[in-house]
Each structure stands twice: as C-alpha cells, then as structure tokens.
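Colleague: This is the structure I want to talk about, given as structure tokens.
Here it is in structure tokens:
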C-alpha cells in the first residue's frame, strides 16, 4: 500500500506532485510506479495520464511549482551586482526545495544512474534557469540568454550537490559553494557580454 493519501481539496496536479514526492522520500525514485502515485493522490490512472503521462512530466510539474515560488518573491535590487542578485534568487530556490529535500535526493540519485533520463531533464532545467535569470533582472532571451542559462545550470548543479548533504540550519556550506560557483562563472559572463557587444565593422 502507498500509505496515507493526499488531501482531496487540492488540485489534481498538486496532489500528484505531493504524492510523488512523498513516495520518493520513502524509496528510490526509480522504484516508484505511476500506479502508486495515482493511488496515493486518490486519483485514477486515467486522471494521472491526463495531468502527467510519465514520471518525467511529474518532475517537470514540480520544477514549475518551484519556479513559481521563486518568481513570487521580491525582485532583487537592480543596483546590486548581478552575482549578488543571482545568489539571492538561487538561495530562494533552495529554500523552496527544502521541504522536499529527501525526495529530491532520491530523484537526483536515480537520474544520475540513468543518462537518458538526465538528458531528457536538461531542457526543463534550462527553462528554469532562464526564469531564474529573469527573476534576477538579467535578460535570458536569444542566444546570449541561452548561453547564460547553460552557465547558470552548471552553477546550480554544483550548489545542489552540496545542498543535498548540508544538514545545517543556516545552509552555510551550501551558501559557500554557491558563492564560489558564481565567482568562477563571472569571467564567463564578462566574456559573453564582451562577445555580444562587439559592434560590426562597416565596410570602408
């Protein structure tokens, strides 16, 4: 049995996300089945299929929920350096993930053992990082924005590894890792800005 069901008062997508997280916190994500998720959410398989036909879709819905939680927060002061603004936004993202930390660890472990699943999840991560850039007041559009999102994704993944083993209340180790990763990424950001700010030469 999958244990206690989620609240029937919530929207189906939220109930499915909550059910999936609860099950992932109990056992390896790779062993969680769609039938178990539907049962715990108090929904039929047909209802699950309409909302999220695969476990990967459920993870995307979770990412969207986290994105929304971050975007609902205050906008960082535009006068602050970009690195400080990104630090604030990504720490807010980690705070939003804290309640589901055990489930996240299960998901990350399963995905790291499955290159195909990791590959499929990369586009969703990049979309989330684009929104994190926008939340920090940094343009994420066009080719330049796409490259920024890829760079930020690497910063995020480095910080996430520390976050999953950081048991401190103040997340000191996580903050230190994030700060170092952002500092290492700064030269890339400056080089990217320089490359896109070169004015085309006129023919003489």
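Residue numbers (the numbering used here): 86 to 289.
A virtual CB, placed ideally from N, CA and C, is assigned to each residue, including glycine.
#1: Establish whether the CB of residue 268 and some CB of chain C are separated by less than 8 Å.
#2: Rounded to the nearest angstrom, what separates residue 99 and residue 219 at their Cα positions?
#3: Can you tell me whether DSSP reads residue 239 as helix, strand or coil?
#4: Ignore the nearest five residues each way along the sequence and tell me which others in residue 292's own chain have a CB closer than 8 Å to its CB.
#5: If you reduce the DSSP assignment to three classes, tell me which class residue 343 lands in.
#6: Given the structure, does residue 270 come close to the ligand MG, in the sense that its CB is under 7 Å from one of the ligand's heavy atoms?
#7: Quick check on residue 98: does DSSP put it in helix, strand or coil?
#8: Does the Cβ-Cβ distance between residue 192 and residue 203 come in under 8 Å?
#9: Taking just the CA atoms, how far does residue 188 sit from residue 107?
#10: Do residue 161 and residue 170 come within 8 Å of each other at the CB atom, strictly closer than that value?
#11: DSSP three-state call for residue 151: helix, strand or coil?
#12: Identify, in the order they occur along the chain, each residue of the same chain with its Cβ nearer than 7 Å to the Cβ of residue 136, setting aside the five sequence neighbours on each side.
#13: Do residue 233 and residue 243 have their beta-carbon atoms positioned less than 8 Å apart in this structure?
#14: Do you know offhand how far residue 269's Cα is from residue 229's?
#15: For a test of the three-state rule: what should DSSP assign to residue 290, helix, strand or coil?
#16: Once you ignore the five residues that flank residue 141 on each side, which residues in its own chain have a CB closer than 8 Å to its CB?
#17: Output the residue ranges of the alpha helix (DSSP H) runs that lie fully inside the stretch 108-136 and measure 4 residues or longer, sorted by chain position.
#18: To the nearest angstrom, report how far apart residue 231 and residue 132 are at their CA atoms.
#19: Closest to residue 109 by CA distance: which of 194, 211 and 157 is it?
#20: Between which two residues does the alpha helix (DSSP H) holding residue 221 run?
Modeller: Quick answer:
#1: No chain C appears in the structure shown, which is made up of a single protein chain.
#2: Position 14 of the chain shown, counted from the first residue, corresponds to residue 99. Position 134 of the chain shown, counted from the first residue, corresponds to residue 219. Rounded to the nearest angstrom, the two C-alpha atoms are 25 Å apart.
#3: In the chain shown, counting from the first residue as 1, residue 239 sits at position 154. Residue 239: helix per DSSP, three-state reduction.
#4: With the chain running from 86 to 289 in the structure shown, residue 292 is simply not present.
#5: This structure gives no information on residue 343, because the portion of the chain shown stretches from 86 to 289.
#6: Annotation note on the ligand MG: not contained in the displayed structure, which lists no ligands.
#7: Walking along the chain shown from the start, residue 98 turns up at place 13. Helix, per DSSP.
#8: As a working note, residue 192 is residue 107 in the chain shown. As a working note, residue 203 is residue 118 in the chain shown. Not closer than 8 Å, so no.
#9: Counted from its first residue, the chain shown places residue 107 at position 22. Counted from its first residue, the chain shown places residue 188 at position 103. Roughly 7 Å between the two C-alpha positions.
#10: The sequence position of residue 170 within the chain shown is 85, counting from 1. The sequence position of residue 161 within the chain shown is 76, counting from 1. Cβ atoms of residue 170 and residue 161: closer than 8 Å.
#11: To locate residue 151, count along the chain shown from 1; it is residue 66. Helix.
#12: Indexing the chain shown from 1 puts residue 136 at position 51. Once the five neighbours on either side are set aside, the close Cβ partners of residue 136 are 97, 98 and 101.
#13: By one-based count along the chain shown, residue 243 stands at place 158. By one-based count along the chain shown, residue 233 stands at place 148. Going by C-beta atoms, residue 243 is not nearer than 8 Å to residue 233.
#14: Taking the first residue of the chain shown as 1, we reach residue 269 at position 184. Taking the first residue of the chain shown as 1, we reach residue 229 at position 144. When rounded, the distance between both Cα atoms is 18 Å.
#15: Missing from the structure shown is residue 290; the chain here goes from 86 to 289 and no further.
#16: Counting from one through the chain shown, the residue named residue 141 turns up at place 56. Correct list, in chain order: 202, 205 and 206.
#17: 119-126 and 130-136
#18: In the chain shown, the residue the question calls residue 231 occupies position 146. In the chain shown, the residue the question calls residue 132 occupies position 47. Their Cα atoms are separated by approximately 35 Å.
#19: Stepping through the chain shown from its first residue, residue 109 is reached at position 24. Ranking the options by Cα distance to residue 109, first place goes to 194.
#20: What you label residue 221 is simply residue 136 of the chain shown in a count that begins at 1. First-last for residue 221: undefined, no H or E at that position.
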